[in-house]
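Enquirer: Pasting a structure below so you can have a look.
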Amino acid sequence: MDRLNFFTKRSMKKINKKNFKKTLSKFTTGITVVATNNSSVLYGKTINSFSSLSLSPPLVLFSLDKKSSKLKIFKNSKKISINILSRNQKIISNNFAKKTPDWNDVEYEILNNGNPIIKNCVANLDCEIIDKIKKGDHIIFICKVLQVLNNYKLKPLIYYNSSYF
Ligand SMILES: Cc1cc2nc3c(=O)[nH]c(=O)nc-3n(C[C@H](O)[C@H](O)[C@H](O)COP(=O)(O)O)c2cc1C
């Protein structure tokens with residue numbers, strides 16, 4: 001056994017909740033707000049489990065904690081918007097990480113299908129939820145992307161090691 005291999009094997013730690021969360025925090029992500037309109041009441045949630053899934057058809061996914069107070073709202077939604085936050089939208093990320101976010105200070109527009117689109121994001125995706133998969137303590141939402149908006153002048157909000165950059 002070479003030296004490097006020996007040290008790697010000795011340093012590997014059995015997985016537990018604490019080191020799992022810490023390890024995942026080393027993966028750099030963007031930040032999105034997933035939003036929906038339920039009978040004219042708007043809901044939004046800060047989500048960094050967003051990922052691309054398929055190019056053809058255009059699919060993306062995100063996962064939501066089964067314990068979320070808004071699980072029922074999102075499970076019953078057919079349409080959602082995914083708003084990819086820009087560098088100056090840390091306040092928006094913190095707002096939508098609260099149990100009861102405040103939409104009053106958020107600039108947004110409502111699309112014809114009812115989806116709220118947050119302004120000044122790097123990009124916005126207008127989506128239809130086509131599948132939900134229960135896995136572990138989360139539900140994976142598979143979404144078909146119908147329309148997109150890109151704001152090429154803005155830089156993204158970045159999340160790494162539990163901090164914004
Ligand atoms: C940076 C960041 C990323 C988050 N990503 C997710 C996520 O991918 N999935 C999720 O269920 N909650 C995520 N959350 C937590 C939610 O935004 C929210 O705080 C949580 O769902 C608690 O509120 P609730 O019980 O009303 O849902 C994230 C929070 C932060 C600050």
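Going by this note's numbering, the sequence shown opens with residue 1, and the numbers climb by one from there. Here a beta-carbon is modelled for each residue, glycine too, at the ideal position from N, C-alpha and C.
May I ask you to list the residues that DSSP assigns as paired with residue 141?
Expert: Looking at the DSSP assignment, residue 141 forms a beta bridge with 62, 132.
Enquirer: Less than 7 Å separating the Cβ of residue 77 from some heavy atom of ligand 1?
Expert: No, the beta carbon of residue 77 sits no closer than 7 Å to any heavy atom of ligand 1.
Enquirer: Name the residue from 14, 10, 61, 54 whose alpha carbon lies nearest to the alpha carbon of residue 138.
Expert: That would be 61, whose Cα lies nearest to the Cα of residue 138.
Enquirer: Hey, out of 158, 105, 38, whose CA is closest to residue 71's CA?
Expert: Measuring from the Cα of residue 71, the nearest candidate turns out to be 38.
Enquirer: Per DSSP, residue 124 is paired with what?
Expert: 83, 149, per the DSSP bridge assignment.
Enquirer: Mind checking whether residue 151 and residue 122 have CB atoms under 8 Å apart?
Expert: In contact: residue 151 and residue 122 (Cβ atoms closer than 8 Å).
Enquirer: Pull up the distance between the alpha-carbon of residue 31 and that of residue 154, whole angstroms please.
Expert: Between residue 31 and residue 154, the C-alpha separation is close to 14 Å.
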